[in-house]
């Protein structure tokens, strides 16, 4: 006979309550996915915003919004522990990653150079690097006026890519590493929703993207003592198959002066999911937290070089030098800085790589405030193209995109500040409570003495 639930007393439910509490406890300890099902502080931050974020949050589908927020907690030994929270994360849904891919090219170029240096004595990031041309549309490079020695180097290309997002610098490292090795290494690092398939800002398509230039490295700026030559290459294999959705974007696009009706096909363009972008950043900033098989093969000074490029402001760079009038401090800091429209809060450093193209705005950042004990990872993408036409340079970057990313960064940073204050207050209260308990025990013990 099925019992009448309404008439059952609490004694009946006690065994089940124990199991329920056990299950909830296990869920709470299962990591990011389970944690999001219970409490998602990112959603709480977004829900409480009534001004700066409202326009985009009312229509997140229209803006193709995705956000990934990772809290960082340090244990007693200073080791970082991560817990992720997402808002509308769609790892299989395509967005154009634009310049965010430059971080991968920078890291993998340094990795390749590190491997070659074991075979070619004297070869390093500051070795003069001359690029030749070997296929239609390719260009050669002999000089670099922004470099200290006047010659191109991997080191200077990395700095230009990361500090002000230079496109030509990316293209030169794409040519040096080559698409086959780039994509093989992305897969080895566990970045399964990512591909590097072409240069940037040169209107590239097949077969040019498969052909790479010959590159020579020298021991001297006069380029007389050659250390190594990378021959011109051709990648004949298939491009990575990622199983992405939504690679046809827009209602039309400009091809030259002609408007072509219908969506633009992005299936032959670079790709990077938001979780992959953040995973790559974490691999560079916290390599010890990544399984050894998924780590970059870099030396400590390579990590220093990458971290410096990610965090330096344009005015802080001795080479290349950047005019603050054209490159304000937050020129390449979208979260918190809004791409130059706001200053960073005092004592805050941002290690990040941004992207901006075809109406997409992306920022992939680690935000650190040592003075207040705050650190977290925050990555976001949105699409601001009201007329649905691509290549017409009519995007709402300034009106909607930059202000949204600035305010999003601020809201999460402010929430982190409040959390740290609560934690400090809780620690202080626990210390006071322990102190009171010890004092009481001492009094009781002394009262019991004869």
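In my numbering, the protein residues as written are 1 to 450.
Idealized CB from N, CA, C, for every residue including glycine.
From a predicted model like this one, the values you see are computed outputs, not experimental measurements.
For residue j and residue i, the rounded distance between their alpha carbons
i	j	result
residue 452	residue 315	Nothing in the structure corresponds to residue 452, since the chain is present only between 1 and 450.
residue 283	residue 290	6 Å
residue 198	residue 424	49 Å
residue 353	residue 433	45 Å
residue 186	residue 192	7 Å
residue 220	residue 122	10 Å
residue 52	residue 151	45 Å
residue 54	residue 48	10 Å
residue 396	residue 355	15 Å
residue 203	residue 304	33 Å
residue 133	residue 177	15 Å
residue 102	residue 157	10 Å
residue 288	residue 262	47 Å
residue 194	residue 272	4 Å
residue 385	residue 337	21 Å
residue 309	residue 124	17 Å
residue 266	residue 114	33 Å
residue 253	residue 246	16 Å
residue 29	residue 361	Residue confidence is low: residue 29 scores 38 on pLDDT, short of 50, so the model does not pin down where it sits. Its coordinate-derived value is still stated next. Straight-line Cα distance between these residues: approximately 34 Å.
residue 190	residue 174	20 Å
residue 243	residue 95	13 Å
residue 67	residue 42	9 Å
residue 168	residue 413	33 Å
Local conformation of residue i per DSSP, three classes
i	result
residue 127	coil
residue 96	coil
residue 217	strand
residue 230	strand
residue 21	The predicted position of residue 21 is uncertain, since its pLDDT is 43 and thus under 50; no value can be drawn from it.
residue 31	Only weak support is given to the placement of residue 31: the predicted model assigns it a pLDDT of 41, under 50, and the question is left unresolved by the model.
residue 430	helix
residue 455	There is no way to answer for residue 455, as the model of the chain reaches only from 1 to 450.
residue 316	helix
residue 202	coil
residue 194	strand
residue 82	strand
residue 148	coil
residue 404	helix
residue 211	strand
residue 395	coil
residue 278	helix
Residue range of the unbroken alpha helix (DSSP H) whose run includes residue i
i	result
residue 309	300–311
residue 170	167–177
residue 160	154–163
residue 45	41–48
Residue i, enclosing beta strand (DSSP E) - first and last residue
i	result
residue 376	374–383
residue 364	360–369
residue 286	Neither: residue 286 is in no beta strand (DSSP E) and is coded neither H nor E.
residue 266	Residue 266 -> no beta strand (DSSP E), and no H or E assigned at all.
residue 107	No beta strand (DSSP E) holds residue 107; the alpha helix (DSSP H) holding it covers 102–117.
residue 354	348–357
residue 255	252–255
Exposure of residue i, with buried meaning 16 or more beta-carbon neighbours within 10 Å
i	result
residue 138	buried
residue 249	buried
residue 224	exposed
residue 326	exposed
residue 410	buried
residue 341	exposed
residue 140	exposed
residue 430	exposed
residue 505	Outside the modelled stretch of the chain, which goes from 1 to 450, sits residue 505, for which no answer is possible.
residue 37	Its pLDDT being 46, under 50, residue 37 is placed unreliably in this model, and the value from its coordinates should be taken loosely. Looking at its Cβ environment, which holds fewer than 16 other Cβ atoms inside 10 Å, residue 37 is exposed.
residue 276	buried
residue 255	exposed
residue 128	buried
residue 333	buried
residue 206	exposed
residue 394	exposed
residue 234	exposed
residue 416	buried
Residue nearest to residue i in terms of C-alpha spacing, selected from the options
i	options	result
residue 351	368, 215, 79, 357	368
residue 81	311, 387, 338, 376	376
residue 401	306, 40, 271, 64	64
residue 112	93, 147, 155	155
residue 39	168, 370, 170, 87	87
residue 142	114, 236, 216, 357	216
residue 389	205, 358, 364	358
residue 349	371, 328, 362	371
residue 93	339, 302, 393, 274	274
residue 159	240, 91, 398, 312	312
residue 241	270, 422, 379	270
Cutoff 9 Å: residue i Cβ touching any chain B Cβ
i	result
residue 390	Among the chains in the structure shown there is no chain B, since it carries only a single protein chain.
Heavy atom of the ligand SAM within 8 Å of residue i beta-carbon
i	result
residue 215	The ligand SAM is not among the ligands present in this structure, which contains no ligands whatsoever.
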